[in-house]
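In our numbering, the protein residues as written are 1 to 369.
See below for the structure under consideration.
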Ligand code: NAD
Ligand code: GLY
């Protein structure tokens with residue numbers, strides 16, 4: 001399996017960091033220990049992931065004489081809150097962590113986002129390492145330094161840009177992921193094909209069944225290519241003043257679905273899938289892509305077992321929820337739309353009526369919840 005390991009670098013000058021992708025990386029002391037200068041670390045994880053993988057990580061750290069203090073949080077998007085964040089600060093203070101103690105986030109995107117935000121805040125910034133254990137977190141949330149918690153009025157509204165020192169994406173951890181979570185991760189993988197990498201979209205159409213069957217080589221390739229796309233975008237636009245916004249294809253509608261349905265009801269990737277279809281519908285209404293392209297996009301999400309119809313929250317509720325989007329500029333909503341498979345743009349040309357019609361169009365299928 002050694003040959004399956006891929007390493008990329010996210011180039012941010014002196015804050016650059018490696019992203020290692022491959023099987024059995026939790027055991028790789030040689031990759032992990034050089035980033036830990038103290039004899040103790042704090043690992044933030046949750047009730048589901050800790051019993052599966054914390055022991056293995058502790059053994060690897062112990063081989064370097066490093067003691068581990070763990071913070072095991074409740075599991076779920078609904079716990080991505082101030083209250084849960086405070087549990088991390090309580091532990092950091094109780095363990096007398098210092099400014100250069102390393103925090104390791106071991107888990108999916110919820111743990112990575114919260115652990116990263118805690119690291120950004122504690123003593124104004126402590127080093128942290130991402131050890132993502134879901135497909136979604138391996139291809140997206142662990143890379144690029146966006147950290148956050150939710151607010152009842154909006155997803156990821158409170159947070160910071162704060163880069164990890166290392167990302168260790170152990171593909172073997174995906175063995176225990178549920179099928180539903182694996183599929184949710186595929187939504188973010190398909191996103192890279194749609195926004196900037198048409199050859200990768202073609203590859204995904206050909207290899208989707210292998211990914212669904214958890215073929216390790218296919219997974220390593222998909223994670224590596226996704227991270228390569230993300231690393232290029234983030235290196236060019238770390239703070240999202242331009243191109244990085246394209247990574248939010250489907251997210252403005254998707255975040256409205258997640259918040260509107262109640263955090264955790266729709267998985268992030270599921271909401272992104274339905275949201276991407278609304279964005280595709282709108283792009284079609286603007287004459288930028290044709291109905292056959294919308295059908296092709298719908299086809300890959302359907303094959304991935306992801307929702308392509310959005311919940312009936314009501315157009316007014318969608319619009320209200322979307323008004324909190326981080327891409328709103330001078331009160332005007334900007335959306336990521338498609339001009340082709342492999343070419344996305346940020347645009348404010350759609351009228352409120354066109355946006356409403358696209359939402360309606362994706363909420364009208366029989367059986368739509
Ligand atoms: P998650 O963190 O909730 O994980 C999904 C579920 O899988 C959880 O129940 C978790 O405990 C479980 N799990 C994790 N690893 C497992 C494993 N190896 N085996 C078995 N179960 C496992 O969800 P997610 O999809 O990983 O991440 C979604 C979050 O990421 C959202 O909060 C979203 O806003 C955020 N996100 C952030 C960014 C970013 O750039 N920071 C990008 C995309 C998404
Ligand atoms: N997931 C969007 C971003 O990292 O910018």
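No residue lacks a Cβ here, since even glycine has one placed at the ideal position from N, Cα and C.
Since the structure is predicted, the reported quantities are computational estimates derived from the model, not experimental observations.
Residues bridged to residue i (per DSSP)
i, result
"residue 336", "346"
"residue 372", "What is shown of the chain runs 1 to 369, which leaves residue 372 out entirely."
"residue 7", "20"
"residue 202", "Per DSSP, none; premise fails for residue 202."
"residue 166", "129"
"residue 72", "45"
"residue 329", "332"
"residue 191", "According to DSSP, residue 191 bridges with nothing at all."
"residue 40", "67"
Cβ-Cβ separation, residue j to residue i (assumed contact under 8 Å), whole Å
i, j, result
"residue 291", "residue 357", "15 Å between Cβ atoms; not a contact."
"residue 155", "residue 255", "4 Å"
"residue 136", "residue 268", "7 Å"
"residue 250", "residue 234", "Not quite, the Cβ-Cβ distance comes to about 19 Å (not below 8 Å), so this is no contact."
"residue 61", "residue 42", "No, residue 61 and residue 42 are not in contact; Cβ-Cβ is about 11 Å, not under 8 Å."
"residue 245", "residue 327", "6 Å"
"residue 131", "residue 231", "Actually they are not in contact, since the Cβ atoms of residue 131 and residue 231 sit about 18 Å apart, beyond 8 Å."
"residue 115", "residue 103", "6 Å"
"residue 117", "residue 148", "6 Å"
"residue 59", "residue 161", "About 33 Å; that fails the 8 Å criterion."
"residue 85", "residue 217", "Between residue 217 and residue 85 the Cβ distance is about 38 Å, and since that is not below 8 Å, they are no contact."
"residue 211", "residue 222", "6 Å"
Closer than 7 Å: residue i CB and nearest the ligand GLY heavy atom
i, result
"residue 12", "no"
"residue 140", "yes"
"residue 229", "no"
"residue 326", "no"
"residue 248", "yes"
"residue 334", "no"
"residue 155", "no"
"residue 77", "no"
"residue 216", "no"
"residue 447", "Past the boundaries of the shown model lies residue 447; the chain is included only from 1 to 369, so the question cannot be answered."
"residue 262", "no"
"residue 240", "yes"
"residue 144", "yes"
Residue i Cβ short of 7 Å to the ligand NAD heavy atom set
i, result
"residue 256", "no"
"residue 151", "no"
"residue 118", "no"
"residue 24", "no"
"residue 271", "no"
"residue 173", "yes"
"residue 49", "yes"
"residue 20", "no"
"residue 268", "yes"
"residue 37", "no"
"residue 80", "yes"
"residue 133", "yes"
"residue 137", "yes"
"residue 184", "yes"
"residue 345", "no"
Enumerate, from N- to C-terminal direction, the unbroken beta strand (DSSP E) stretches of 3 or more residues contained entirely within the stretch 114-161. Those beta strand (DSSP E) runs which fall completely within the stretch 114-161 and span 3+ residues are 128-132, 146-151 and 154-161.
Identify every run of the alpha helix (DSSP H) within the stretch 244-270, keeping only runs that are complete inside it and at least 4 residues long; order them along the chain. Segments of the alpha helix (DSSP H) lying fully in the stretch 244-270: 251-261.
Could you tell me which whole alpha helix (DSSP H) segments of length 4 or greater appear in the stretch 277-333? Those alpha helix (DSSP H) runs which fall completely within the stretch 277-333 and span 4+ residues are 291-303 and 315-322.
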